[in-house]
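Remarks on the structure that follows.
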Amino acid sequence: MGSLIEKRDGILLFVFPLSKDRVLAQRFDPYPQEHGWLDFVYFFLFLILGYIIYSNDRYLSAVRRDRWLLFASGNAGLFAFF
Amino acid sequence: MRVCLPFFELPAVYGEDVVIAWGLTYIFLGSFIANLFFSLISWGWALFVLSLAITGLNFSNKWLVYGNETIMPFYLLHQPVIIVVSYFGIQWDAGIPVKLLVIGISSLLITLGLVELLIRRINPVRTLFGMKPRTN
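Residue numbers (the working numbering), protein chains in the order written: chain A, 2 to 83; chain B, 85 to 220.
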């Protein structure tokens, strides 16, 4: 994972396991509400990923390097989602 | 209406009787795509804000050092102080904005005073409230 992160756009790869986990977790909470259990479990993953990101300088430099890509991805996802 | 898939038996959204707060579909492929966008939003924005903080908030000053040191006792004390002050504050014959302002400011000052006078200067009490002992 560390070597993938060093490539440009690599930081976005985390989106795939996050999506997969959210889909799998929906099996147990099929009608999710905002701030419900699904959100709790999903954003708990962010807590763990935050620890992982801060544990390695390669991740942090990837976050710094791909800042505007992350911004664009967030907005693209927003438009696509709605 | 329910859809049975090989591995997932999930309710579908293609029925007027099913209202989904997030607007996600539970057919597997659709669910994965919708969640992909959802994750893209949350991951992209979270890390974008983090990247701004890494570069923009990487500084220190005496206020931050003081706040960093006293955050724990302040956190522990602020709620009881607010409750005690509010107990008397709400009985006061004044408008809600005035009461809110008075309770907020006086609670802040009382909490800071307690932290500064009773906790921060006494080593055993500092330890009790999670602060490192003073060396000088």
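Even for Gly, the Cβ is constructed at its ideal location relative to N, Cα and C. Model, not experiment: these values are computed from the prediction.
Close beta carbons around residue i, own chain, < 6 angstroms, minus the five adjacent residues each side
{"i": "R23(A)", "result": "Y43"}
{"i": "E30(A)", "result": "It should be pointed out that residue 30(A) corresponds to Asp in this sequence rather than to Glu. Taken in chain order, the residues that qualify are W38 and L39."}
{"i": "V52(B)", "result": "Residue 52(B) is absent from the structure shown; chain B starts at 85 and stops at 220."}
{"i": "V199(B)", "result": "T154, P157 and F158"}
Inter-residue CB distance, residue i and residue j (contact presumed, cutoff 8 angstroms)
{"i": "W127(B)", "j": "L19(A)", "result": "6 angstroms"}
{"i": "V169(B)", "j": "S135(B)", "result": "Actually they do not touch by this definition, with Cβ atoms about 40 angstroms apart."}
{"i": "N57(A)", "j": "G11(A)", "result": "Actually they do not touch by this definition, with Cβ atoms about 13 angstroms apart."}
{"i": "G78(A)", "j": "F121(B)", "result": "5 angstroms"}
Spatial distance of residue i from residue j (CA atoms)
{"i": "G214(B)", "j": "G114(B)", "result": "49 angstroms"}
{"i": "R68(A)", "j": "I6(A)", "result": "13 angstroms"}
{"i": "V209(B)", "j": "T219(B)", "result": "14 angstroms"}
{"i": "N141(B)", "j": "N152(B)", "result": "Reading off the sequence, residue 141(B) comes out as Leu, not Asn. Straight-line Cα distance between these residues: approximately 14 angstroms."}
{"i": "L124(B)", "j": "G75(A)", "result": "6 angstroms"}
{"i": "Q100(A)", "j": "L201(B)", "result": "Absent from the model: residue 100(A). The displayed extent of chain A is 2 to 83, so no value can be given."}
{"i": "K8(A)", "j": "V16(A)", "result": "16 angstroms"}
{"i": "I203(B)", "j": "F172(B)", "result": "25 angstroms"}
{"i": "G179(B)", "j": "I167(B)", "result": "19 angstroms"}
{"i": "S144(B)", "j": "A137(B)", "result": "13 angstroms"}
{"i": "A105(B)", "j": "F45(A)", "result": "With a pLDDT of only 44 at A105(B), under the threshold of 50, the placement of this residue in the model should not be trusted; the figure read from the coordinates follows. Their Cα atoms are separated by approximately 20 angstroms."}
{"i": "A73(A)", "j": "A130(B)", "result": "12 angstroms"}
{"i": "Y55(A)", "j": "V64(A)", "result": "10 angstroms"}
{"i": "Y150(B)", "j": "Y32(A)", "result": "46 angstroms"}
{"i": "W176(B)", "j": "Q163(B)", "result": "20 angstroms"}
{"i": "I206(B)", "j": "L184(B)", "result": "32 angstroms"}
8 angstroms Cβ cutoff, residue i in contact with chain B
{"i": "I12(A)", "result": "yes"}
{"i": "L48(A)", "result": "no"}
{"i": "G3(A)", "result": "no"}
{"i": "F15(A)", "result": "yes"}
{"i": "I6(A)", "result": "no"}
{"i": "R65(A)", "result": "yes"}
{"i": "S56(A)", "result": "no"}
{"i": "V42(A)", "result": "no"}
{"i": "F72(A)", "result": "yes"}
Beta carbon proximity, residue i to chain A, threshold 8 angstroms
{"i": "T139(B)", "result": "yes"}
{"i": "G128(B)", "result": "yes"}
{"i": "L193(B)", "result": "no"}
{"i": "N119(B)", "result": "yes"}
{"i": "I246(B)", "result": "This structure cannot speak to residue 246(B), because chain B is shown only from 85 to 220."}
{"i": "F122(B)", "result": "yes"}
{"i": "I203(B)", "result": "no"}
{"i": "I166(B)", "result": "no"}
{"i": "F116(B)", "result": "yes"}
{"i": "F132(B)", "result": "yes"}
Own chain residues within Cβ distance below 8 angstroms of residue i, not counting five before or after
{"i": "L160(B)", "result": "F213"}
{"i": "T211(B)", "result": "P217"}
{"i": "I53(A)", "result": "Y60"}
Close Cβ partners of residue i (< 7 angstroms) along its chain, the five nearest in sequence each way excluded
{"i": "D82(A)", "result": "Here residue 82(A) is Phe; the residue named in the question, Asp, does not match the sequence. Excluding residues within five positions, none has a Cβ falling inside 7 angstroms."}
{"i": "F132(B)", "result": "none"}
Identify each residue in the region 172-187 of chain B for which the Cβ-Cβ distance to at least one residue of chain A is less than 7 angstroms, and report them in chain order. none
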